[in-house]
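2 protein chains.
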Amino acid sequence: MKTIKASIIGFGSVGQGVARVLLRKKEEFRSIGLEIMVVAVADSKTAVVDLEGVDLATVLERKESEGVVGDAHITGHDIIRDIEHDLVIETTPTNIDTGGVGLQNMLTAFSKKRHVVTSNKGPLALKYRELAALAEKSGCAFRFEATVGGAMPLLNLVRDTLAGNDVISIEGIFNGTCNYILTRMMEEHATYELMLAEAQELGIAEKDPAYDVEGIDTACKLVILANAIFGIDATYKDVQVTGISRITPEALMLAETDGYVIKLIGEVNKQRIQVAPRLVPIGHPLAVGGTMNVASLQTDLAGPVIVVGRGAGSIETASAILSDIVSICKE
Amino acid sequence: MKTIKASIIGFGSVGQGVARVLLRKKEEFRSIGLEIMVVAVADSKTAVVDLEGVDLATVLERKESEGVVGDAHITGHDIIRDIEHDLVIETTPTNIDTGGVGLQNMLTAFSKKRHVVTSNKGPLALKYRELAALAEKSGCAFRFEATVGGAMPLLNLVRDTLAGNDVISIEGIFNGTCNYILTRMMEEHATYELMLAEAQELGIAEKDPAYDVEGIDTACKLVILANAIFGIDATYKDVQVTGISRITPEALMLAETDGYVIKLIGEVNKQRIQVAPRLVPIGHPLAVGGTMNVASLQTDLAGPVIVVGRGAGSIETASAILSDIVSICKE
Chain A
1 MKTIKASIIG
11 FGSVGQGVAR
21 VLLRKKEEFR
31 SIGLEIMVVA
41 VADSKTAVVD
51 LEGVDLATVL
61 ERKESEGVVG
71 DAHITGHDII
81 RDIEHDLVIE
91 TTPTNIDTGG
101 VGLQNMLTAF
111 SKKRHVVTSN
121 KGPLALKYRE
131 LAALAEKSGC
141 AFRFEATVGG
151 AMPLLNLVRD
161 TLAGNDVISI
171 EGIFNGTCNY
181 ILTRMMEEHA
191 TYELMLAEAQ
201 ELGIAEKDPA
211 YDVEGIDTAC
221 KLVILANAIF
231 GIDATYKDVQ
241 VTGISRITPE
251 ALMLAETDGY
261 VIKLIGEVNK
271 QRIQVAPRLV
281 PIGHPLAVGG
291 TMNVASLQTD
301 LAGPVIVVGR
311 GAGSIETASA
321 ILSDIVSICK
331 E
Chain B
332 MKTIKASIIG
342 FGSVGQGVAR
352 VLLRKKEEFR
362 SIGLEIMVVA
372 VADSKTAVVD
382 LEGVDLATVL
392 ERKESEGVVG
402 DAHITGHDII
412 RDIEHDLVIE
422 TTPTNIDTGG
432 VGLQNMLTAF
442 SKKRHVVTSN
452 KGPLALKYRE
462 LAALAEKSGC
472 AFRFEATVGG
482 AMPLLNLVRD
492 TLAGNDVISI
502 EGIFNGTCNY
512 ILTRMMEEHA
522 TYELMLAEAQ
532 ELGIAEKDPA
542 YDVEGIDTAC
552 KLVILANAIF
562 GIDATYKDVQ
572 VTGISRITPE
582 ALMLAETDGY
592 VIKLIGEVNK
602 QRIQVAPRLV
612 PIGHPLAVGG
622 TMNVASLQTD
632 LAGPVIVVGR
642 GAGSIETASA
652 ILSDIVSICK
662 E
């Protein structure tokens with residue numbers, strides 16, 4: 001039995017999803033000789049530490065009933081620095097202005113020679129190079145499939161499944177909120193404001209929707225792809241960004257008449273990193289509706305490869321984190 | 332530098348594609364510390380062996396100009412049995428009645444403790460269990476991404492990129508020839524016979540098209556998925572198969588009026604393995620046209636995941652083989 005000692009730092013929707021998935025898959029992992037033992041969990045206020053393995057079911061229940069994970073008043077950063085373990089599952093919220101606590105958490109994890117798997121885009125959109133260099137220097141794995149496209153396979157698809165291929169370009173829909181709003185505007189011939197309100201009511205859009213609808217979220221994802229796949233030293237400030245808030249129902253109806261839909265498309269290749277609304281022919285592989293994400297890759301050997309999947313969701317994002325963890329355990 | 336000694340057994344379109352790709356990527360592999368040294372190549376008549384590394388450019392030229400790879404009159408099977416090397420790249424033609432030479436090649440490779448990467452569906456559609464058991468017993472890797480969907484990622488996608496997920500069902504278009512004929516019948520409102528003739532003229536369909544159009548090729552691919560992903564002990568005779576040769580332009584036009592296309596859909600889950608023409612709504616992710624392949628997976632954590640890619644082609648199939656080789660080298 002190979003045992004990996006892990007911490008879960010950040011216990012919102014994604015962190016809780018990871019805990020649920022680890023509980024659900026416990027026996028399955030044991031049957032392939034793998035135990036992922038969580039020795040610490042931290043949310044923004046409290047923490048729980050047990051070197052023999054935290055009881056995740058209890059932690060999930062307490063988080064739901066009391067809003068906290070435990071009684072220990074230490075931070076996630078304290079845990080990363082002071083508790084002996086192999087892997088930090090970093091799921092604190094994305095902050096693209098400063099990198100947030102996530103940036104310091106990752107830097108400290110690598111300095112303590114712990115692997116990092118994360119869903120947190122902020123530190124990568126700001127400081128990819130620094131983090132990747134430190135991970136390499138420390139001999140640590142640094143994996144972030146969940147940061148781009150949630151459960152839609154992309155980074156590991158390129159790394160493993162398309163190994164040997166050079167990727168020439170990637171374009172796609174990387175934000176489910178924008179895709180939902182544009183799909184609904186088209187279906188209902190309704191205004192942006194109305195469909196944003198609907199998305200907010202359904203929990204698909206945040207109260208402050210700017211991060212999604214202004215294309216910043218997509219830009220962050222493109223920056224991660226630019227660094228990880230194309231080797232471009234970019235931060236999210238290098239991206240040309242136009243969002244969807246100025247799109248009118250009239251523009252969508254005109255597009256439809258000509259056989260097109262309008263989608264917020266992110267594109268990255270060696271020459272440019274761009275987010276903008278674009279006309280996509282109805283029936284085209286990128287013309288995916290609802291909240292789905294899609295990526296179309298051009299490669300030198302395999303030719304075009306397209307993937308579609310759920311870009312968000314607690315369990316879906318946890319699925320991407322899990323595949324990173326399994327991959328690290330196999331190495 | 333890690334050096335893997337390999338043979339290429341079978342030097343038709345796929346074998347030549349592998350040779351071209353290995354030549355093209357030689358320096359790239361060296362830069363990541365990997366050398367794939369081909370020590371023997373065999374076609375159905377001749378062979379060339381060089382323990383210091385066969386010159387693939389020369390072999391490709393000779394195959395093109397003279398139709399043979401070398402002067403040695405030994406078989407691929409002799410090479411697998413007698414020449415010391417690590418990896419057999421088995422690209423002989425598929426024979427689903429007996430397994431063809433490929434079956435014996437694979438059995439001998441494992442008995443000599445050599446890894447096998449293959450594009451040959453026949454042995455797997457007939458004797459998956461026996462081959463997988465022998466590979467495991469011998470401690471050998473047995474990889475066959477290229478057998479299902481060519482460059483469309485599927486087996487390794489499930490194995491690596493979706494690691495930790497349980498796959499509940501897979502359905503898709505796994506035969507580019509059928510997809511081409513049905514797409515063209517719809518576009519031209521033309522008969523099956525006419526569009527088959529066009530596909531044959533373009534080299535998309537074989538002179539004897541039965542293997543593709545009667546759904547046998549799709550059935551073989553489903554059997555490989557059934558064994559490798561669902562753990563079902565099936566051979567291609569267990570598959571319910573209906574082909575496309577009885578589909579009329581009238582049926583396609585009627586479908587179109589109602590907003591559907593007709594596609595030859597393969598479906599596999601724990602309950603059934605089936606190939607049949609089905610109505611697919613226009614705009615549905617499975618409604619992919621031309622010669623493309625598509626697979627829609629239902630998974631327990633990631634939810635639905637869809638992949639689209641080229642199902643055939645010399646370099647595209649070689650790309651799938653290459654990803655298997657890289658994966659073995661990493662293990």
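Line by line, the protein sequences are chains A and B. According to my numbering, the first sequence is numbered sequentially starting from 1. According to my numbering, the second sequence is numbered sequentially starting from 332. Every residue, glycine too, gets a C-beta built ideally from N, C-alpha and C. Given the structure is predicted, the values throughout are model-derived calculations rather than measurements.
Query                                                                                                                         : Result
Within chain A, the residues that S645 (chain B) reaches when beta carbons sit closer than 7 Å                                : Per Cβ cutoff of 7 Å: no residues; S645 (chain B) is ~10 Å from chain A at best.
One or two residues paired with N269 (chain A) in a DSSP bridge                                                               : A:S169
Rounded separation between L87 (chain A) and G259 (chain A) - CA only                                                         : 49 Å
Start-end ranges of the beta strand (DSSP E) lying completely within the stretch 46 to 70 of chain A, minimum 3 residues      : 47 to 49
Residue-chain proximity (V38 (chain A), chain B), Cβ-Cβ < 7 Å                                                                 : no
Any chain A beta carbon closer than 7 Å to N487 (chain B)                                                                     : yes
Status (buried if at least 16 other CB within 10 Å, exposed otherwise) for A133 (chain A)                                     : exposed
Range covered by the alpha helix (DSSP H) that runs through A151 (chain A)                                                    : Per DSSP, A151 (chain A) belongs to no alpha helix (DSSP H) and is neither H nor E.
Neighbouring residues, chain B, relative to K25 (chain A) (Cβ below 7 Å)                                                      : G495
Interface residues of chain A facing P612 (chain B) [CB-CB closer than 8 Å]                                                   : The premise fails here: P612 (chain B) is roughly 11 Å from chain A at the closest Cβ pair, so nothing lies under 8 Å.
Buried or exposed by the 16-neighbour rule on C-beta atoms within 10 Å, applied to M332 (chain B)                             : exposed
Length of the line joining the Cα atoms of V48 (chain A) and I89 (chain A)                                                    : 15 Å
Sub-7 Å separation of V447 (chain B) and T648 (chain B) beta-carbons                                                          : no
Whole-angstrom distance between T630 (chain B) and G562 (chain B), CA atom to CA atom                                         : 15 Å
is_contact[G231 (chain A), chain B] using C-beta, thresh 7 Å                                                                  : no
Closer than 7 Å to chain B by CB, L322 (chain A)                                                                              : yes
At least three beta-carbon pairs within less than 8 Å, the stretch 196 to 207 of chain A to the stretch 118 to 128 of chain A : no
Extent of the continuous alpha helix (DSSP H) run through I652 (chain B)                                                      : 645 to 661
Pairwise C-alpha distance: R577 (chain B) and A607 (chain B)                                                                  : 11 Å
Status (buried if at least 16 other CB within 10 Å, exposed otherwise) for P281 (chain A)                                     : exposed
Chain A contact residues for T492 (chain B), given Cβ-Cβ distances below 7 Å                                                  : P153, N156, L157, D160, T161, S323
Beta strand (DSSP E) runs wholly inside the stretch 411 to 446 of chain B, at least 3 long, in chain order                    : 418 to 421
Backbone secondary structure at G309 (chain A) - three-state DSSP                                                             : strand
Residue burial classification, D97 (chain A) (beta-carbon count within 10 angstroms, cutoff 16)                               : exposed
Residue from B:G634, B:R445, B:G431 with nearest C-alpha to A472 (chain B)                                                    : B:R445
CB contact check: R310 (chain A) to chain B, cutoff 7 Å                                                                       : yes
Cα-Cα separation between K288 (chain A) and S338 (chain B), rounded to whole angstroms                                        : The sequence shown places Val at residue 288 (chain A), rather than the Lys named in the question. Distance between the alpha carbons of V288 (chain A) and S338 (chain B): 43 Å.
Beta-carbon neighbours of G303 (chain A), restricted to chain B and to distances below 9 Å                                    : A482, G640, R641, G644, I646, E647, S650
As assigned by DSSP and simplified to three states, the class of L124 (chain A)                                               : helix
Bridge partners - Q605 (chain B), DSSP secondary structure assignment                                                         : B:Q571, B:E598
8 Å contact criterion, which V69 (chain A) and F11 (chain A) should meet: CB distance rounded                                 : 5 Å
8 Å Cβ cut-off: residues of chain A touching S658 (chain B)                                                                   : D160, A163
Helix, strand or coil at L286 (chain A) according to DSSP, with G and I counted as helix                                      : coil
Inter-residue Cα distance where the pair is L162 (chain A) and S44 (chain A)                                                  : 38 Å
Within chain A, partners of P454 (chain B) - CB distance below 9 Å                                                            : Within chain A, no residue comes near P454 (chain B); the closest Cβ sits about 23 Å away, beyond 9 Å.
Sub-7 Å separation of A626 (chain B) and G546 (chain B) beta-carbons                                                          : no
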